[in-house]
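In this note's numbering, the protein residues as written are 366 to 1038. Here a beta-carbon is modelled for each residue, glycine too, at the ideal position from N, C-alpha and C. Since this is a predicted model, take the numbers as computed values, not measurements. Okay, structure first, notes after.
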DNA sequence: TTAGGGTTAG
């Protein structure tokens, strides 16, 4: 049961300022705030409160002083280094001492550049010049301390200054500061106090408070804040709406974020970006591409932030054509030097099969970040070129870049896929010993995969048993996969039982186990797995594949004979199947020839239908069939389905369960994927 | 007309 607590006084009472107090009722459960009900705000509620400026400050000499105006302009344009340089010159010149007009801009520059020592020095200058009672200076000081991760100093200043307790802006700065420093409960408490003393909250208060909702457990609170904001019209502020949208994404409710997005009468670039990034981070790649196309059709030019989200989704979908278009868009725009965009381009090219292009982008980058290295190392790993990945990793360390957990996942996975067992084990040890990085589940699953692929199944099992964290389905799944490769039924049974405890709905594991029993001619085993599947009402999904056509990705399923062109299609498919068998034969007798043919592309054609395809080595122990050209007169829908039937039997087609069903009556496609 | 806030990569 949730206990209801009145956080602050009764509405009928008045406080020291003479204004009626505004109680906030919080619902607490197990000492955690789970919801809020806000009391009504008086009708004379103001969205923004103007602060009276002290007379001493408004003298013309202060605001028209050329030093001050120049400093203001530099800080406003984001030239913080130059602004601080100018401030120091002003001190050295001795011609005019800094005034209350000078400090906010200098403090803002320190905060933006994270210069806590300079900020403290500025604080002492403020005290020396007697400007600490200026509201703007005081707020800027509080904000500076918060941004410099010294929220205790900000609080001390706030508590020691009677002025701060009467100013909405000071509360706003400190609330935002608490949120920024992960002190969400402190932020809420201060918000309650602010209302208790009768101060008006405004949209900026909300901008400081809402980003504190960072996970599903804050969802309830976030929604009550949303209700409050709507009630008092704060949602008309674009920034507040953007903030709420991001809050929903972070709390895991992408649907509510989309509802808000659709309801917003006006959308800014940040609105589009927040929605696109929200979709991209949650794996809704198709929706990202849809929004991107919508932006284009509305004539809105996406900025680098949107393009990063689009590229990341192209990488996930393997949507090479859209990715290429974005790349060209980037080259012809002024965003060419954006590091985020370059990193996303490396990732997109690597994952869409163009490793050479990924490498040239990487090589041309004048400044490479840890993410740039991770992307290119991951790219080589993905394509089975572990040696180059290792070479790059070592080079990265030599350049003085400190690795993090993510780059270790890339290199361990690269070692695993290239069979570089010793190297991988070395890096795993190095990770903790030299860099103090604790191995997480992802690292352990790479290591189990690495040992398992090398046939060291007992060691892989031992590693799982020694893990300091509870192994998850991915870790046990890696062991199960390795048992399949090496035909170890006994250990496979153990891994299978563990993995289905984590993912009982994952049909793949049952199929894998059943196939192992079939290979071992253990009919009883096969029967047991089938019974389990039946009991759990699990049915094998029909095989499916997907294509990118006209910039959209479509899913298609197998099996259908209703089409008028069926006969012709099946003749083609027979020939296609013959070709695949022929290639199979080469695999044993002349593997080089097989690879050569596949890399160059092979195909069959008739008068109305044509298909050619090649292979892409993913380095993940599987090959992806790339349909290079498909020329069809008439409706190709069924033909694609049928091709996929042949294809699925021979090749692993990338997981396509997340994408839309095939709808287009496409008649000519080039360069599938 | 100076303070407080929202969106990006592996």
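Using the beta-carbon count (16 or more within 10 Å), is residue i buried or exposed?
i, result
"residue 899", "exposed"
"residue 588", "buried"
"residue 446", "exposed"
"residue 857", "buried"
"residue 611", "buried"
"residue 594", "buried"
"residue 556", "buried"
"residue 512", "buried"
"residue 482", "exposed"
"residue 534", "buried"
"residue 733", "buried"
"residue 693", "exposed"
"residue 833", "exposed"
"residue 537", "buried"
"residue 617", "exposed"
"residue 486", "exposed"
Helix, strand or coil: which one does DSSP assign to residue i?
i, result
"residue 514", "coil"
"residue 597", "coil"
"residue 708", "helix"
"residue 577", "helix"
"residue 473", "helix"
"residue 684", "coil"
"residue 937", "helix"
"residue 494", "coil"
"residue 407", "With a pLDDT of only 43 at residue 407, under the threshold of 50, the placement of this residue in the model should not be trusted; the figure read from the coordinates follows. Coil, per DSSP."
"residue 643", "helix"
"residue 748", "coil"
"residue 519", "helix"
"residue 486", "helix"
"residue 819", "coil"
"residue 865", "helix"
"residue 727", "helix"
"residue 533", "helix"
Nearest by alpha-carbon distance to residue i: which of the options is it?
i, options, result
"residue 452", "444, 460, 438 and 467", "467"
"residue 607", "526, 622, 477 and 616", "622"
"residue 680", "698, 703, 693 and 648", "648"
"residue 904", "462, 713, 893 and 870", "870"
"residue 439", "805, 458, 472 and 525", "472"
"residue 835", "823, 809 and 816", "809"
"residue 636", "605, 664 and 617", "605"
"residue 580", "603, 565, 560 and 613", "613"
"residue 795", "782, 859, 634 and 776", "776"
"residue 786", "765, 766 and 819", "819"
"residue 737", "749, 754 and 748", "754"
"residue 701", "814, 730 and 658", "730"
"residue 433", "792, 455, 958 and 849", "455"
"residue 781", "843, 603 and 638", "843"
"residue 789", "812, 757, 507 and 957", "812"
"residue 546", "943, 509, 460 and 528", "509"
"residue 634", "609, 646, 669 and 615", "669"
"residue 500", "766, 522, 791 and 768", "522"
Rounded to whole angstroms, what is the Cα-Cα separation between residue i and residue j?
i, j, result
"residue 711", "residue 551", "41 Å"
"residue 888", "residue 881", "11 Å"
"residue 667", "residue 644", "16 Å"
"residue 532", "residue 526", "11 Å"
"residue 652", "residue 583", "25 Å"
"residue 804", "residue 816", "16 Å"
"residue 568", "residue 709", "34 Å"
"residue 705", "residue 673", "7 Å"
"residue 1041", "residue 824", "Since the first residue shown for the chain is 366 and the last is 1038, residue 1041 is missing from the structure and cannot be characterised."
"residue 474", "residue 565", "28 Å"
"residue 686", "residue 741", "20 Å"
"residue 450", "residue 554", "39 Å"
"residue 884", "residue 627", "53 Å"
"residue 727", "residue 707", "8 Å"
"residue 507", "residue 875", "59 Å"
"residue 932", "residue 950", "27 Å"
"residue 576", "residue 590", "11 Å"
Am I right that residue i and residue j are in contact with their C-beta atoms under 8 Å? What's the rounded C-beta distance?
i, j, result
"residue 558", "residue 539", "That pair is no contact at about 10 Å."
"residue 514", "residue 562", "In fact, because the Cβ distance is near 27 Å, the residues do not count as touching under 8 Å."
"residue 574", "residue 544", "7 Å"
"residue 746", "residue 723", "Contact flag wrong, Cβ pair sits at about 12 Å."
"residue 878", "residue 896", "Wrong, their Cβ atoms sit about 12 Å apart, outside the cutoff."
Cβ of residue i versus every heavy atom of the ligand FMN: is any distance shorter than 7 Å?
i, result
"residue 523", "Among the ligands in the structure shown, none appear at all, so the ligand FMN cannot be discussed."
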